[in-house]
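Q: To convert, count from 1 in the sequence shown and add 1194; that's this note's numbering.
Cβ atoms here follow ideal geometry from the backbone N, Cα and C, with glycine treated the same way.
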Amino acid sequence: MFRSVISLVPLCGQQQVRNMATLKAISMRLKSVKNIQKITKSMKMVSAAKYAKAERELKMARPLGEGAKAFYDKAEVAPEENKPQRLIVAVTSDRGLCGAVHTSVVRQIRNELNEPGAENIKVVCVGDKSRAILQRIHGKHILFSCKELGRKPPTFTDAGSLAIAILDSGYEFASGKIIYNKFKSVVSYNTTELPLFSLSAISNAPKLSVYDSLDAEVIQSYLEFSIAALLYYSMKEGACSEQSSRMTAMDNASKNAGEMIEKLSLTFNRTRQAVITRELIEIISDTLKLGISIRLSRIANIQTSILSWMRMPIPQREVGDIIWLLHGRM
């Protein structure tokens, strides 16, 4: 029985070392999760402030986009049938950690590029996220891309520069579309598109005559302005959707980090309790081992005394001595 107890001592030592390493790993992971939670909470607060500003600016930008779109609808502008060239503008940004805001835009463009006749489509990537995703498979369709979007709120100057870059690119498209995320609420948005038309398509519109004093120069100027207005409106919608989605994503990440911290804390406490229990078992085992050694030493001394006593003559007065010896040494 005592041998089995003594044999537990080296095994408990090995398990203790293993659990100490596990405790260290759990402690490091717990610390890293807590740091991540601090970062996600900070990003949520920053996104909430940017979202409030983006929502205010979106209300001022909506009349520009809706007015430009209303002109195309009222004039009944249609793409030219003899020109299959099309242009797609993907409105994203350079920053991530905002859910599926960028992937929803890229997914819709991929579906169109996988259809028949996609060889006549060119894509302008507004933001580095769309360029990075589309360049892997559909790199030949990218006309050009622009960066440094998403760090600051988009302005009409940025949209005007982008519109001039599209018109001066040398690609003569008959029709096109702007694919962007339209803001609905804090937790939802829709991936929508706005139409784009060439100068000849606008000039040949059937109901363009309802507008007076429209010559080629005026139509050219309005084309540049309408493209800039639509781009500005779509960029504002995309920025508001991005900030609201990032705020929601960081809130969910903070909640998930809190749940993970609770689980890791519970695992850490359980493992630490197991280590303490094993240490107590080791102390008890050492105590038993030490006690058994002392008891065996005493028994050996008694056996030696008894053997010496048996070799001597046995007078009656020495019987009490041996009884005292047995009771005293045990």
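What is the rounded straight-line gap between the Cα of P1204 and the Cα of E1473?
A: Translated into the one-based positions of the sequence shown, residue 1204 becomes position 10. Translated into the one-based positions of the sequence shown, residue 1473 becomes position 279. Note on P1204: pLDDT 46, under 50, position unreliable in the model; the coordinate value appears next. Their backbone Cα atoms lie some 12 Å apart in a straight line.
Q: Flag P1389 as yes if its beta-carbon sits less than 8 Å from any beta-carbon of chain B, otherwise no.
A: Considering every chain present, this structure includes no chain B. It has just one protein chain.
Q: Short of 6 Å in beta carbon distance, which residues of its chain neighbour H1296, apart from the five on each side in sequence? Order them along the chain.
A: In the sequence shown, residue 1296 corresponds to position 102, counting from 1. The residues are T1286 and K1323.
Q: From which residue to which residue does the beta strand (DSSP E) around E1387 run?
A: The residue you call residue 1387 lines up with position 193 of the sequence shown. From DSSP, the beta strand (DSSP E) with E1387 extends over S1382 to F1391.
Q: Under three-state DSSP, which class holds R1280?
A: Mapped onto the sequence shown, residue 1280 falls at position 86. Note: R1280 maps to strand in three-state DSSP.
Q: What residue range is occupied by the uninterrupted beta strand (DSSP E) comprising G1370?
A: Numbered from 1 along the sequence shown, position 176 holds the residue referred to as residue 1370. In the DSSP assignment, G1370 falls within the beta strand (DSSP E) that extends over S1369 to S1379.
Q: From Y1383 to L1361, what does the alpha carbon distance come to, in whole angstroms?
A: Counted from its first residue, the sequence shown places residue 1383 at position 189. Counted from its first residue, the sequence shown places residue 1361 at position 167. Their backbone Cα atoms lie some 29 Å apart in a straight line.
Q: Determine the DSSP secondary structure at R1511, reduced to helix, strand or coil.
A: Indexing the sequence shown from 1 puts residue 1511 at position 317. At R1511 the pLDDT is 43, less than 50, meaning the model places this residue with poor confidence and gives no usable figure here.
Q: Just the C-alpha distance for K1316 and K1430, rounded to the nearest angstrom, thanks.
A: For this step, residue 1316 is matched to residue 122 along the sequence shown. For this step, residue 1430 is matched to residue 236 along the sequence shown. Spanning the two alpha carbons is a distance of roughly 23 Å.
Q: Expressed to the nearest angstrom, what Euclidean distance is found between the alpha-carbon atoms of S1355 and P1389?
A: Residue 1355 sits at position 161 when you count from the first residue of the sequence shown. Residue 1389 sits at position 195 when you count from the first residue of the sequence shown. S1355 and P1389: Cα-Cα distance of roughly 19 Å.
Q: Starting from K1316 and walking both ways along the alpha helix (DSSP H), at which residues does that stretch end?
A: Indexing the sequence shown from 1 puts residue 1316 at position 122. Segment I1315 to V1320 is the beta strand (DSSP E) holding K1316; no alpha helix (DSSP H) there.
Q: Quick one: give me the first and last residue of the beta strand (DSSP E) that S1339 is part of.
A: If you number the sequence shown from 1, residue 1339 lands on position 145. Looking at the DSSP string, the run of the beta strand (DSSP E) that includes S1339 is I1336 to C1340.
Q: Report all residues from its chain with a CB closer than 6 Å to the CB of A1269; omit the five preceding and five following residues, and keep chain order.
A: Locating residue 1269 in the sequence shown gives position 75, counting from the first residue. Only A1399, K1401 and L1402 meet the Cβ criterion.
Q: Kindly list the residues whose CB is nearer than 7 Å to the CB of A1242, restricted to its own chain and excluding five residues on each side of it in sequence; keep chain order.
A: Working through the sequence shown from its first residue, we reach residue 1242 at position 48. Correct list, in chain order: M1441.
Q: Within a Cβ cutoff of 7 Å, which residues of the same chain sit near E1251, ignoring the five residues on either side of it in sequence?
A: Counting from one through the sequence shown, the residue named residue 1251 turns up at place 57. Cβ neighbours of E1251 beyond the five flanking positions: P1347 and K1430.
Q: Pick out whichever of E1342, K1228, I1220 and I1372 has its Cα sitting closest to the Cα of G1259.
A: Here residue 1259 corresponds to residue number 65 of the sequence shown, with the count starting at 1. Considering only alpha carbons, the answer is I1372.
Q: R1304 lies in the alpha helix (DSSP H); which residues open and close that run?
A: Residue mapping note: residue 1304 aligns to position 110 of the sequence shown, counting from 1. Looking at the DSSP string, the run of the alpha helix (DSSP H) that includes R1304 is V1295 to L1307.
Q: Between Q1329 and the rest of its own chain, which residues show a CB-CB distance below 7 Å, the 5 nearest in sequence each way excluded?
A: Residue mapping note: residue 1329 aligns to position 135 of the sequence shown, counting from 1. Closer than 7 Å at the Cβ level, and outside the excluded window around Q1329, lie I1336.
Q: Please tell me whether L1417 and I1396 are closer than 8 Å, where the distance is taken between their beta carbons.
A: Residue numbering aside, residue 1417 sits at position 223 when the sequence shown is read from its first letter. Residue numbering aside, residue 1396 sits at position 202 when the sequence shown is read from its first letter. Contact flag set, yes.
Q: If you draw a straight line from the alpha carbon of R1345 to that of K1277, how long is it in whole angstroms?
A: As a first step, residue 1345 must be located in the sequence shown, where it is residue number 151. As a first step, residue 1277 must be located in the sequence shown, where it is residue number 83. One C-alpha to the other measures close to 38 Å.
Q: Hey, K1378 and T1386 are a contact pair by Cβ (cut 8 Å); roughly how many whole angstroms apart?
A: Counted from its first residue, the sequence shown places residue 1378 at position 184. Counted from its first residue, the sequence shown places residue 1386 at position 192. With a Cβ gap of about 10 Å, K1378 and T1386 do not count as contacting.
Q: What does DSSP give as the partner residues of V1285 in its beta bridges?
A: Taking the sequence shown and counting its residues from 1, one reaches residue 1285 at position 91. DSSP lists V1320 as partners of V1285.
Q: With H, G and I counted as helix, E and B as strand and the rest as coil, what does DSSP make of E1473?
A: Walking along the sequence shown from the start, residue 1473 turns up at place 279. Three-state DSSP puts E1473 in a helix.
Q: Cutting at 7 Å between CB atoms, please list the residues of its own chain near L1307, excluding the five before and the five after it.
A: Here residue 1307 is taken as the residue at index 113 of the sequence shown, counted from 1. Around L1307: I1315, H1332 and H1335.
Q: Determine the DSSP secondary structure at R1464, reduced to helix, strand or coil.
A: The count along the sequence shown starts at 1 and reaches residue 1464 at position 270. R1464: helix per DSSP, three-state reduction.
Q: Residues in its own chain within less than 7 Å of P1265 by CB, not counting five upstream and five downstream?
A: As a working mapping, residue 1265 is identified with position 71 in the sequence shown. It should be pointed out that residue 1265 corresponds to Phe in this sequence rather than to Pro. Same-chain partners within the cutoff: S1420.
Q: Quick one: measure Cβ to Cβ for L1458 and L1224, integer angstroms, because I've assumed they're closer than 8 Å.
A: Within the sequence shown, the letter at position 264 stands for residue 1458. Within the sequence shown, the letter at position 30 stands for residue 1224. Correct: roughly 5 Å between the Cβ atoms.
Q: Could you check what DSSP says for I1396 in three-state terms: helix, strand or coil?
A: Within the sequence shown, residue 1396 is the residue found at index 202, counting from 1. In the structure shown, I1396 sits in a helix (DSSP, three-state: H, G or I).
Q: Is the CB-CB distance between S1298 and V1380 below 8 Å?
A: Here residue 1298 refers to the residue found at position 104 of the sequence shown. Here residue 1380 refers to the residue found at position 186 of the sequence shown. No, the pair does not count as a contact, with Cβ atoms beyond the cut-off.
Q: Using the Cβ count rule (16 or more neighbours within 10 Å means buried), how would you classify L1484?
A: Taking the sequence shown and counting its residues from 1, the one referred to as residue 1484 is at position 290. When all chains shown are included, L1484 counts as exposed.
Q: Within 10 angstroms of the Cβ of G1364, are there 16 or more other Cβ atoms? Answer buried if so, exposed if not.
A: Stepping through the sequence shown from its first residue, residue 1364 is reached at position 170. Burial call: exposed.
Q: What number of angstroms, rounded off, separates the C-alpha of G1432 from the C-alpha of Y1374?
A: Here residue 1432 corresponds to residue number 238 of the sequence shown, with the count starting at 1. Here residue 1374 corresponds to residue number 180 of the sequence shown, with the count starting at 1. Looking at the backbone, the Cα of G1432 and that of Y1374 are separated by about 6 Å.
Q: What three-state label does DSSP hand K1525 in the structure shown?
A: Examination of residue 1525 is not possible in this model, given that the chain is present from 1195 through 1524 alone.
Q: State the start and end residues of the unbroken alpha helix (DSSP H) segment that holds D1352.
A: Counting from 1 along the sequence shown, the entry for residue 1352 is found at position 158. Element bounds for D1352: F1350 to L1361.
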